[in-house]
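A.B. asks: Residues -20 to -1, 1 to 265 in mature numbering (1 follows the signal peptide of the UniProt record, and there is no 0) are what the sequence shown lists, from first letter to last.
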Amino acid sequence: MLKKLLLTSAAIATSSAALAADLPRRAAPPVFTPVAPVFTWTGAYFGINAGYVFDGDTRFDRTTGDLANNNAALAVGLRPTAARVRNDGFTGGGQIGYNYQFTPGSGFVIGIEADAAYTDLNRIRTLSNTTNFGPLVTPGAVATTRVNTYQGGLDFLGTVRGRVGYAFDRFMVYGTGGFAYGGVNNRVTFFAPNGTIPFFNGRQNDIQTGYAYGGGIEYALPTDSFFNFFRSSAVTLKAEYLHYNLGGDRFAIPGVNGGPGNYSARVRNDGDLVRAGLNYKFGTF
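#1: If I measure Cβ to Cβ from glutamate 198 and keep anything under 6 angstroms in the same chain, skipping five residues before and after, which residues do I get?
#2: Closest by CA to tyrosine 224, which one among Gln75, Gly194, Thr83 and Leu107?
#3: Would you identify the three-state DSSP class for asparagine 51, choosing helix, strand or coil?
#4: Can you tell me the Cβ-Cβ gap for aspartate 250 and aspartate 37, rounded? I've got them flagged as a contact below 8 angstroms.
#5: Can you tell me the Cα-Cα spacing of arginine 64 and glutamine 81, whole angstroms?
#6: Looking at tyrosine 78 and tyrosine 260, is the spacing between their C-beta atoms short of 9 angstroms?
#7: What residue does the beta strand (DSSP E) around glycine 31 start on, and which one ends it?
#8: Determine the closest residue to threonine 139 out of Gln75, Asp41, Gly45 and Phe34, with distance taken between C-alpha atoms.
#9: Pull the bridge partners of threonine 61 from the DSSP assignment, please.
#10: Short of 7 angstroms in beta carbon distance, which residues of its chain neighbour valine 168, apart from the five on each side in sequence? Order them along the chain.
#11: In its own chain, which residues sit with a C-beta less than 8 angstroms from the C-beta of glycine 157, not counting the 5 before and 5 after it?
#12: Do asparagine 102 and threonine 125 come within 9 angstroms of each other at the CB atom, strictly closer than that value?
#13: What does the Cβ neighbour count give for leucine 226, buried or exposed, with the cut at 16 atoms within 10 Å?
#14: Do you know offhand how far glycine 196's Cα is from alanine 214's?
#15: Quick check: phenylalanine 88 and aspartate 252, are their CB atoms within less than 9 angstroms of each other?
#16: Helix or strand or just coil, what does DSSP make of threonine 203?
#17: What are the boundary residues of the beta strand (DSSP E) that includes phenylalanine 262?
#18: Just how far apart, CA to CA, sit proline 115 and valine 164?
#19: Residues in the same chain with beta-carbon distance under 7 angstroms from valine 144, minus the five sequence neighbours each way, listed in chain order, please.
#20: So what does DSSP say about threonine 176, is it helix, strand or coil?
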């Protein structure tokens, strides 16, 4: 009896082992390895900028008079037919924009940006000349001196530009160009002979439009950067150069305090600036 019981137990054990061998084995769960997201420049952004206008240029060209006497003063150099005022100064403002990157990581980026900035440009240039112009008008008159002042100013500058660039992951180079506008503040004053009383005075104080173009570089800060105060991958730093041209316009320089007739001058405003900027892009990646 005992022998039968032992044989039966052995048979059951053998069958169970064979059955277990036929069952599929349970594999160990895979180890999860997180994949770092790829940075993309796609998204809206806003930021601030500051820089320097190093070649602001206000040119008063082709000054003319409406009387023979006034044109004679221009002909002999008592009143300049052209003058230039060079300006330089601080600029600071803000910008908003949107970028679209075709392929995350490295690839082409297109976008649009609008900015507006205060400009500290306001300079006056004085030109004077002495000649025997008097006898041309009144026989026996003595030589006279004419003092002429030119003020060139730009109160603010704004642009709306397209951007086309190429990103090398977090580093991007780009070119840019588009519409520009600015608040010009120009003045011309011609003084009375041998005196300090304004004889002719004209001012242009309005918004002029034109174009701007340039290029720059931009870098997206890593999350652990000291300067990334948002602790996100959405803070970028940029440096760019722009040339602006606000076109030309003619304005009147009418006679005042008994000045006979009127003058007029065509004025053009353009310049170059370099600036740095900081942007916050919506969305971490």
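Glycine included, each C-beta is placed from N, C-alpha and C at the ideal position.
These numbers come from a predicted model, not from an experiment.
C.D. replies: From the atom records:
#1: Sequence index remark: in the sequence shown, residue 198 carries index 218 (1-based). Closer than 6 angstroms at Cβ, skipping near neighbours: Met152, Thr216 and Lys218.
#2: Sequence index remark: in the sequence shown, residue 224 carries index 244 (1-based). Here the closest residue by C-alpha is Gly194.
#3: Within the sequence shown, the letter at position 71 stands for residue 51. Of the three classes helix, strand and coil, the one that applies to asparagine 51 here is helix, per DSSP.
#4: Residue 250 sits at position 270 when you count from the first residue of the sequence shown. Residue 37 sits at position 57 when you count from the first residue of the sequence shown. Confirmed, Cβ separation roughly 5 angstroms.
#5: For the purposes of this step, residue 64 is identified with residue 84 of the sequence shown, where counting begins at 1. For the purposes of this step, residue 81 is identified with residue 101 of the sequence shown, where counting begins at 1. Roughly 44 angstroms separates the two Cα atoms.
#6: As a working mapping, residue 260 is identified with position 280 in the sequence shown. As a working mapping, residue 78 is identified with position 98 in the sequence shown. Contact: no.
#7: On the sequence shown, residue 31 is found 51 positions in, with the first residue counted as 1. Where glycine 31 is concerned, the enclosing beta strand (DSSP E) starts and stops at 23 to 45.
#8: By 1-based counting over the sequence shown, the position of residue 139 is 159. Measuring C-alpha to C-alpha distances from threonine 139 to each of Gln75, Asp41, Gly45 and Phe34 identifies Gln75 as the nearest.
#9: Position 81 of the sequence shown, counted from the first residue, corresponds to residue 61. Its beta-bridge partners do not exist; DSSP assigns none.
#10: Residue mapping note: residue 168 aligns to position 188 of the sequence shown, counting from 1. Phe40, Tyr130, Gly182, Ile233 and Ala245, listed in sequence order.
#11: In the sequence shown, counting from the first residue as 1, residue 157 sits at position 177. Counting only Cβ-Cβ distances below 8 angstroms, and skipping sequence neighbours, we find Arg141, Gly142, Tyr191, Ala192, Tyr193 and Gly194.
#12: Taking the first residue of the sequence shown as 1, we reach residue 125 at position 145. Taking the first residue of the sequence shown as 1, we reach residue 102 at position 122. In this structure, asparagine 102 does not lie closer than 9 angstroms to threonine 125 by Cβ.
#13: Position 246 of the sequence shown, counted from the start, is the residue given in the question as residue 226. Buried, because 16 or more other Cβ atoms sit within 10 Å of the Cβ of leucine 226.
#14: As a first step, residue 196 must be located in the sequence shown, where it is residue number 216. As a first step, residue 214 must be located in the sequence shown, where it is residue number 234. Straight-line spacing of the CA atoms in glycine 196 and alanine 214 works out to 18 angstroms.
#15: The residue given as residue 88 occupies position 108 in the sequence shown. The residue given as residue 252 occupies position 272 in the sequence shown. Contact annotation: phenylalanine 88 and aspartate 252 have beta-carbon atoms that are not nearer than 9 angstroms.
#16: Translated into positions along the sequence shown, residue 203 becomes position 223. Three-state DSSP puts threonine 203 in coil, outside helix and strand.
#17: Here residue 262 is taken as the residue at index 282 of the sequence shown, counted from 1. From DSSP, phenylalanine 262 is part of no beta strand (DSSP E); its letter is neither H nor E.
#18: For the purposes of this step, residue 115 is taken as the residue at position 135 of the sequence shown. For the purposes of this step, residue 164 is taken as the residue at position 184 of the sequence shown. In this prediction, proline 115 scores a pLDDT of 49, lower than 50, which makes its location untrustworthy; no coordinate-derived value is stated.
#19: In the sequence shown, residue 144 corresponds to position 164, counting from 1. Here the set comprises Ile90, Tyr154 and Gly155.
#20: If you number the sequence shown from 1, residue 176 lands on position 196. Judged by DSSP in its simplified three-state form, threonine 176 adopts coil rather than helix or strand.
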